Amino acid sequence: MTQRLSPLDAGFLELEDSDPNVSLAIAAVAIIEGPPPSEADFLEAVAARLIAIPHARERIHTTAFDLSAPVWIDDDDFDVNRHLRRTALPAPGDDDALGHLVGRVMAQRLDRSRPLWECWVVEGLENGRWAILAKVHHCMADGIAGARLFEALCDPDTHNGVVRLVSRREPADNSTGIARRVRDALVALPSSPAAQFRYLVKGLLTPLQIALGTFGAAKGFAGIAGGVLVPTASTSLLGPVGKQRRYAVARASMLDIRDVCTVFDVKVNDVALAAITGALRTMLLRRGEEPKEDSVRTLVPVSVRNSGSADVLDNRVSLMLPVLPVAIADPVDQLAAVHGRMAAHKSGGEAEAGHLATSLAEHWPFAPTAWAVRLASRLPQHGIDIVATNVPGPKHSRTVLGSRVVEIFPYVPIAWRLRIGIAILSYADRVSFGITGDFDSAPDLDFLAHEIERHMELLVAEAHSRR
Numbered sequence: 001m002t003q004r005l006s007p008l009d010a011g012f013l014e015l016e017d018s019d020p021n022v023s024l025a026i027a028a029v030a031i032i033e034g035p036p037p038s039e040a041d042f043l044e045a046v047a048a049r050l051i052a053i054p055h056a057r058e059r060i061h062t063t064a065f066d067l068s069a070p071v072w073i074d075d076d077d078f079d080v081n082r083h084l085r086r087t088a089l090p091a092p093g094d095d096d097a098l099g100h101l102v103g104r105v106m107a108q109r110l111d112r113s114r115p116l117w118e119c120w121v122v123e124g125l126e127n128g129r130w131a132i133l134a135k136v137h138h139c140m141a142d143g144i145a146g147a148r149l150f151e152a153l154c155d156p157d158t159h160n161g162v163v164r165l166v167s168r169r170e171p172a173d174n175s176t177g178i179a180r181r182v183r184d185a186l187v188a189l190p191s192s193p194a195a196q197f198r199y200l201v202k203g204l205l206t207p208l209q210i211a212l213g214t215f216g217a218a219k220g221f222a223g224i225a226g227g228v229l230v231p232t233a234s235t236s237l238l239g240p241v242g243k244q245r246r247y248a249v250a251r252a253s254m255l256d257i258r259d260v261c262t263v264f265d266v267k268v269n270d271v272a273l274a275a276i277t278g279a280l281r282t283m284l285l286r287r288g289e290e291p292k293e294d295s296v297r298t299l300v301p302v303s304v305r306n307s308g309s310a311d312v313l314d315n316r317v318s319l320m321l322p323v324l325p326v327a328i329a330d331p332v333d334q335l336a337a338v339h340g341r342m343a344a345h346k347s348g349g350e351a352e353a354g355h356l357a358t359s360l361a362e363h364w365p366f367a368p369t370a371w372a373v374r375l376a377s378r379l380p381q382h383g384i385d386i387v388a389t390n391v392p393g394p395k396h397s398r399t400v401l402g403s404r405v406v407e408i409f410p411y412v413p414i415a416w417r418l419r420i421g422i423a424i425l426s427y428a429d430r431v432s433f434g435i436t437g438d439f440d441s442a443p444d445l446d447f448l449a450h451e452i453e454r455h456m457e458l459l460v461a462e463a464h465s466r467r
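Numbered according to UniProt numbering, the sequence shown spans residues 1 to 467.
Structure, rendered in C-alpha cells:
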C-alpha cells in the first residue's frame, strides 16, 4: 500500500522546490572511537539496519497539478550501494576539515528519483577516530525523529533495547489542547445548516468550546502572523543564499548547563538560546552592525509528539517566533530576557496555533495547501532571521559495531532567506551546537561557534560564583 505524505512533510518538498540554491536535508554526524570498519563489515551490520527503517526502500511520487498529496512508493530498482558513501579527511582530520566535508555533502540535494537518504563513512579523523554522517530529507523526519533514526543505526542499547521506527499511519491524530478541540469540532461539523443546528443543540459543539478554541487559536495565529509579516531591523543575517554551505560546531557540558538552570531557575533551552544571543550580538558588532531590540527574530521549532508517536518517522512540529535580546550586553540579563520571552510565547498559543493549522490541513484538499505553501515560500520574507532548534539525543552513551560514539553533531538546513541555522543536540553529558551558514554571506561561522562556547562559559562562571 502507498502512504501519502502529510501536508507538513510535503511542505518541505515545496520549500526546497521554491529555491534552486536550497537543499532541505537534515543530518547527524557521529564521531566514533577506533579504526573504521571494513566496507563489508559496515554493509553487513549498519546497512542492514538502515534499509529496515520506514521509506528506506521507497521514493517520492507526485501527481500532476497537486491533485493529491505526494506518496511513498517502492523503488523497484533499489540498491543500497547507491546510498552508501565512503571518504577520508585530509590531515590532520580536525573540526575544520570535518566542517568543510559536512558543508559540501549537505549542500547537495538528494536525488528525488531514489529513496531520500545517504550514509557516509568518514575516515581520517584526528586521534584515530572515524565518523558516520547520516543524511535524510526533511520530508522524512523532523529533528527528534532524525535522532531516533540515528539510534536505530547503533548497537542495541542496554537501557532501552533496539530502537524500531515505524511509518506514519493516516490520519495521524497527535492533537492536544485547543488544537484537538477545534480540529475535532470543525471536522465533525455537518455540511447542511439544518444538520449543523441539530449538532449544536445536542451539545456536541458547545459555544464554550468554540470560544475557547477560537480565542486561543486566534491569539496564537496573530503571534505567528506578526512574527512573519512584521520586518525586523535590517542585518546581514537575512538575505538571499547561494548553493554552498559552511558548517561549524560548538560544544558545552550538560552538567554545566544544569548548574546554570538551577541557579537562575531557567530551562536548558533558555541557556542554549542565551549563549546564542550573546554570540550573535558579538558577531553583529564585529561586522560593524548595531544589535537592536528587534534585530534577530528566531524560528524555534516545537515538538508536538505525544508518547505514542515517539518512534514514528515523520514531522510533528509547530513553531514559536521569539525575538532574541541581542541589544542587551550582560549575559545574565540576556538569560533572564530569553527566559521571559520564551515563557510569554509558550503561553501565547503560537505552538498550538501552528499545530492546529497542520492538523486541519490533514482534512483539506491537498492542492490549495500546496499552492499556499509554494506561494509563501517564494515571497521574500523579512521577519525571521535565523532558525534555532533543540533536539534531545540519546541519554546514554551508544556504540556502533562495538566502538563508542564520542560525540554527535546535528545539522539543520537553511532556506527562505535565513543565512544561519543552529541545531542544538544533547548526547549523554554533552551538548553540541551544529551551525549551518551560507558560504558567501556567513564567512565568520567559526567565530560564531567560538562565541557560543565563550558565552556559555560566562554563564557557567556566573552561576558558580553565585552558588
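Every residue, glycine too, gets a C-beta built ideally from N, C-alpha and C. What you are looking at is a predicted structure, and each value in this text was computed from that prediction instead of being measured.
In its own chain, which residues sit with a C-beta less than 7 Å from the C-beta of proline 36, not counting the 5 before and 5 after it? Counting only residues of its own chain and dropping the five nearest sequence neighbours on each side, proline 36 has a CB closer than 7 Å to the CB of Val121, Glu123 and Trp130.
Do valine 326 and arginine 281 have their CB atoms nearer than 8 Å? A contact, by the Cβ cut-off of 8 Å.
Could you check if serine 396 is buried or exposed, using at least 16 other CB atoms within 10 Å of its CB as the buried criterion? Sequence check: residue 396 is histidine here, not serine. Exposed, because fewer than 16 other Cβ atoms sit within 10 Å of the Cβ of histidine 396.
Would asparagine 127 be called buried (16 or more neighbouring beta carbons within 10 Å of its own) or exposed? Its Cβ having fewer than 16 others within 10 Å, asparagine 127 is exposed.
How would you label residue 488, buried or exposed, when you count the other beta carbons within 10 angstroms and need 16 or more for buried? This structure cannot speak to residue 488, because the chain is shown only from 1 to 467.
Opening and closing residue of the alpha helix (DSSP H) in which methionine 342 lies: First-last of the alpha helix (DSSP H) with methionine 342: 331 to 347.
Residues bridged to cysteine 119 by DSSP? Beta-bridge partners of cysteine 119 (DSSP): Leu84 and Ala134.
Roughly how far, in whole angstroms, is the beta-carbon of methionine 254 from the beta-carbon of serine 426, given that I think they are within contact range, below 8 Å? About 6 Å separates the beta carbon of methionine 254 from that of serine 426, a gap short enough to meet the 8 Å contact definition.
Glutamine 334, buried or exposed, once every other Cβ within 10 Å from all chains shown has been counted against 16: Glutamine 334 is classed as buried because its beta carbon has at least 16 other beta carbons within 10 Å across all chains shown.
Proximity of glutamate 350 and leucine 324 at Cβ, strictly below 8 Å: No, these two residues do not count as a Cβ contact at 8 Å.
Buried versus exposed call for phenylalanine 65 [16 or more other C-beta atoms within 10 Å across all chains shown]: Phenylalanine 65 is exposed by the Cβ-count criterion.
To which residues does DSSP link arginine 430 through a beta bridge? Under the DSSP definition of a beta bridge, arginine 430 partners with Ser253 and Tyr427.
Does DSSP put leucine 237 in a helix, in a strand, or in coil? Coil at leucine 237, not helix or strand.
So if DSSP puts glutamine 317 in a beta bridge, which residue, or which two residues, is it bridged to? Residue identity differs from the one stated: residue 317 is valine in this sequence, not glutamine. Answer is Ser303.
For alanine 179 and glycine 34, what's the separation of their Cα atoms in angstroms? Residue placement at alanine 179 cannot be trusted, given a pLDDT of 48 that sits under 50; what the coordinates show is reported in the next sentence. Spanning the two alpha carbons is a distance of roughly 49 Å.
Looking at C-alpha atoms only, which residue of Val312, Leu125, Ala372 and Val249 is the closest neighbour of threonine 358? Ranked by how close their Cα comes to the Cα of threonine 358, the residues Val312, Leu125, Ala372 and Val249 have Ala372 in first place.
Mind checking whether arginine 245 and methionine 456 have CB atoms under 8 Å apart? Taking 8 Å as the Cβ cut-off, arginine 245 and methionine 456 do not qualify as a contacting pair.
Is leucine 448 closer than 8 Å to proline 331 when the C-beta atoms are compared? Not a contact, by the Cβ cut-off of 8 Å.
I'd like the list of long-range same chain contacts for glycine 203, defined as Cβ closer than 7 Å, with 5 residues on each side in sequence excluded. Residue placement at glycine 203 is flagged as unreliable, the pLDDT there being 49, under the threshold of 50; the coordinate-derived value follows with that caveat. Excluding the 5 residues flanking it on each side, glycine 203 has no same chain C-beta neighbour closer than 7 Å.
What does DSSP give as the partner residue(s) for arginine 246 in the beta ladder? Note: arginine 246 sits in a beta bridge opposite Gly437.
Buried or exposed: where does glycine 288 fall if 16 or more other Cβ atoms within 10 Å of its Cβ makes it buried? Burial call: exposed.
CA nearest to the CA of histidine 450, picked from Arg86, Ala252 and Arg305: The option with the nearest alpha carbon to histidine 450 is Ala252.
Let's test the definition: count the other Cβ atoms within 10 Å of the Cβ of serine 23 and tell me whether it reaches 16, buried, or not, exposed. Under this definition serine 23 is a buried residue.
For the pair the segment 140 to 152 and the segment 308 to 316, tell me if three or more CB-CB distances fall below 8 Å. Counting C-beta pairs closer than 8 Å gives three or more between the segment 140 to 152 and the segment 308 to 316, which meets the contact rule.
Below 8 Å, can you find three or more Cβ-Cβ pairs linking the segment 226 to 243 to the segment 403 to 411? Judged by Cβ distances under 8 Å, the segment 226 to 243 makes no contact with the segment 403 to 411, as fewer than three pairs qualify.
Can at least three beta-carbon pairs, one atom from the segment 285 to 303 and one from the segment 376 to 394, be found at a separation below 8 Å? Yes: the two stretches touch, three or more of their Cβ pairs being nearer than 8 Å.
For valine 239 and aspartate 41, what's the separation of their Cα atoms in angstroms? Residue identity differs from the one stated: residue 239 is glycine in this sequence, not valine. Spanning the two alpha carbons is a distance of roughly 45 Å.
Measuring only the C-alpha atoms, how far is glutamate 362 from glutamate 462? Near 48 Å, if we compare the C-alpha coordinates of glutamate 462 and glutamate 362.
Determine the closest residue to isoleucine 144 out of Ala442, Asp311 and Glu352, with distance taken between C-alpha atoms. Of Ala442, Asp311 and Glu352, the residue nearest in Cα terms is Asp311.
Inter-residue spacing [alpha-carbon to alpha-carbon] between glutamate 170 and glycine 93: Residue placement at glutamate 170 is poorly supported in this model, since its pLDDT is 49, which falls under 50; the coordinates are not used for a value here.
Count the other CB atoms, across all protein chains shown, that sit within 10 Å of the CB of proline 291; report buried if there are 16 or more and exposed otherwise. The residue is buried, with at least 16 neighbouring Cβ atoms inside 10 Å.
If we cut at 8 Å on Cβ distances, does leucine 149 have a partner in chain B? Given the protein chain composition of this structure (a single chain), no chain B is represented.
Compare the Cα-Cα distances from leucine 125 to each of Leu133, Phe150, Arg109 and Ala97 and report the closest residue. Nearest option by C-alpha distance: Ala97.
Have a look at Arg86, Lys135 and Lys267 and flag the residue whose alpha-carbon is nearest the alpha-carbon of arginine 109. Cα-wise, what sits closest to arginine 109 is Lys135.
What would DSSP say about alanine 353, mapped onto helix, strand or coil? Alanine 353 carries a helical assignment under DSSP once its states are collapsed to helix, strand and coil.
Rounded separation between arginine 378 and arginine 305 - CA only: When the Cα atoms are used, arginine 378 and arginine 305 turn out to be separated by approximately 29 Å.
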